[in-house]
Amino acid sequence: MIYILIIFQSILFSKGLQVTSELDTNNAYIGTPIKWSIKIKGSDSLNYRFPLLSIDNDSMKIKQLSSLKTPNNKIDFEIISWDTGRFVTPSYSIEILDENGNIDFLMNSAQLEYSILSILPILENKNFRPLKGPVPVSGLWPIKKLILFILILITVYAITVIWKKRDRRIHKKIDYNYFENPKDRALKRLEELSFTQFTKDFYTELSHIFREYIESKYYIRTLEMTTQEIKKSRSLFPMEDLQFKELITFLNLSDHVKYALQMPTRSEMELDKEKIKTFIHKL
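In case it helps, the working numbering puts the sequence shown at residues 83 to 365.
Written out as structure tokens, the structure is:
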């Protein structure tokens with residue numbers, strides 16, 4: 083390793099001070115660190131200070147390696163160049179302080195030359211190497227997984243809250259000891275049927291009572307059958323022809339009131355209610 087030593091000596095007030103500036107090498111390759119040392123001698127009785135120095139640009143980078151004042155009265159820098167050619171170290175001055183700590187005068191260090199060479203001539207394969215793609219770097223915190231975990235917690239909490247606020251279905255146990263007779267149920271509903279409601283609603287309810295009674299008594303699904311379907315299924319109904327004819331007549335009347343807007347009078351409504359009650363008693 084080649085060392086360059088340039089000594090700059092300045093004599094002031096009969097006190098000799100020497101500033102030494104040296105590089106650990108004067109030839110280096112691109113990106114190879116060069117150590118630059120500056121040392122002051124004969125300063126035992128003087129106060130001095132090494133100023134800060136930091137350079138970072140496209141052609142070079144200089145950073146400080148040692149503290150501003152070391153026991154060896156020396157400061158070290160690291161120089162890294164990003165281009166080939168001949169370069170000179172930047173101007174650097176040591177601050178000599180007076181008794182009050184103010185700058186009394188400056189002592190300049192010598193500027194040293196050095197060369198930066200390309201590494202390509204020493205390579206066997208001088209062709210440019212293929213560029214490598216970016217290397218994936220995992221973060222310190224798994225942000226994506228953390229967000230997904232928080233969303234899952236919020237979803238589970240929302241489901242729990244909604245589940246607790248739902249309307250609970252209360253199931254009532256059927257009392258099989260009590261069985262309501264179809265005839266009694268029909269007569270009970272007839273007693274509760276009021277004439278104060280609309281005519282259409284009155285005949286709809288009256289028709290439903292009659293159909294429910296026939297279905298419960300003979301197990302024929304008359305609630306799901308139309309009047310014409312009931313008429314065509316005469317053989318299913320175990321009743322006399324006159325009774326069946328009265329059944330069809332009443333169902334046709336109910337259909338006319340519900341769908342054709344036929345308007346019976348109050349007396350006709352009372353009469354039809356009594357007919358259904360009598361018909362239920364006869365069956």
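C-beta: ideal position from N, C-alpha, C; glycine also.
All values derive from a computational prediction rather than experimental measurement.
One or two residues paired with SER315 in a DSSP bridge
Within the sequence shown, residue 315 is the residue found at index 233, counting from 1. The partner list for SER315 (beta bridge, DSSP) is empty, contrary to what the question assumes.
What number of angstroms, rounded off, separates the C-alpha of GLU311 from the C-alpha of ILE302?
Against the sequence shown, residue 311 aligns to sequence position 229. Against the sequence shown, residue 302 aligns to sequence position 220. Taking the straight line from one Cα to the other gives about 12 Å.
Please report the straight-line C-alpha distance between ASN109 and VAL101, rounded to a whole angstrom.
Position 27 of the sequence shown, counting from 1, holds the residue named residue 109. Position 19 of the sequence shown, counting from 1, holds the residue named residue 101. Whole-angstrom Cα-Cα distance: 23 Å.
In whole angstroms, give me the CA-to-CA distance for ASP354 and ARG250.
Position 272 of the sequence shown, counted from the start, is the residue given in the question as residue 354. Position 168 of the sequence shown, counted from the start, is the residue given in the question as residue 250. If I take the Cα positions, the gap works out to 43 Å.
What separation, rounded to the nearest whole angstrom, lies between the Cα atoms of TYR239 and TRP245?
For the purposes of this step, residue 239 is taken as the residue at position 157 of the sequence shown. For the purposes of this step, residue 245 is taken as the residue at position 163 of the sequence shown. Approximately 10 Å between the Cα atoms of the pair.
Whole-angstrom distance between SER127 and ASP180, CA atom to CA atom:
Residue mapping note: residue 180 aligns to position 98 of the sequence shown, counting from 1. Residue mapping note: residue 127 aligns to position 45 of the sequence shown, counting from 1. Going by the C-alpha atoms only, they are around 11 Å apart.
Grouping DSSP H, G and I as helix and E and B as strand, with all else coil, what is MET307?
Along the sequence shown, read from residue 1 onward, the residue named residue 307 stands at position 225. Coil.
For the region 173–226, list the beta strand (DSSP E) runs that are entirely contained and at least 3 residues long, ordered along the chain.
175–179, 185–190 and 195–199
Candidates LEU269, PRO346 and PHE292: which alpha carbon is nearest GLU328's?
In the sequence shown, residue 328 corresponds to position 246, counting from 1. Of the candidates LEU269, PRO346 and PHE292, the one whose C-alpha sits nearest the C-alpha of GLU328 is PHE292.
Could you round the C-beta distance between ILE161 and ILE144 to whole angstroms and report it? I think they count as a contact, below 8 Å.
Walking along the sequence shown from the start, residue 161 turns up at place 79. Walking along the sequence shown from the start, residue 144 turns up at place 62. Contact holds; Cβ gap of about 5 Å.
Delimiting residues of the beta strand (DSSP E) encompassing GLN146:
Here residue 146 corresponds to residue number 64 of the sequence shown, with the count starting at 1. That run of the beta strand (DSSP E) goes 142–146.
Would DSSP call ILE302 helix, strand or coil?
To locate residue 302, count along the sequence shown from 1; it is residue 220. If DSSP states are grouped into helix, strand and coil, ILE302 belongs with coil.
When you compare the region 336–347 with the region 311–321, are there three or more beta-carbon pairs, one atom per stretch, that lie closer than 8 Å?
no
Work out the CA separation of ILE232 and PRO115 for me, nearest whole Å.
Stepping through the sequence shown from its first residue, residue 115 is reached at position 33. Stepping through the sequence shown from its first residue, residue 232 is reached at position 150. Between PRO115 and ILE232, the C-alpha separation is close to 48 Å.
Coarse secondary structure for ASP138, derived from DSSP in three states:
The residue given as residue 138 occupies position 56 in the sequence shown. The answer is strand: DSSP assigns ASP138 an E or B state.
If SER136 sits next to ALA192, beta carbons under 8 Å apart, how far is it from one beta carbon to the other, in whole angstroms?
To locate residue 136, count along the sequence shown from 1; it is residue 54. To locate residue 192, count along the sequence shown from 1; it is residue 110. No, SER136 and ALA192 are not in contact; Cβ-Cβ is about 20 Å, not under 8 Å.
By the three-class DSSP mapping on this structure, what secondary structure does GLU160 have?
Residue numbering aside, residue 160 sits at position 78 when the sequence shown is read from its first letter. It is a strand residue.
Do you know whose CA, among ILE176, THR281 and THR171, lies nearest ILE157's CA?
Position 75 of the sequence shown, counted from the start, is the residue given in the question as residue 157. The shortest C-alpha separation from ILE157 is found at ILE176.
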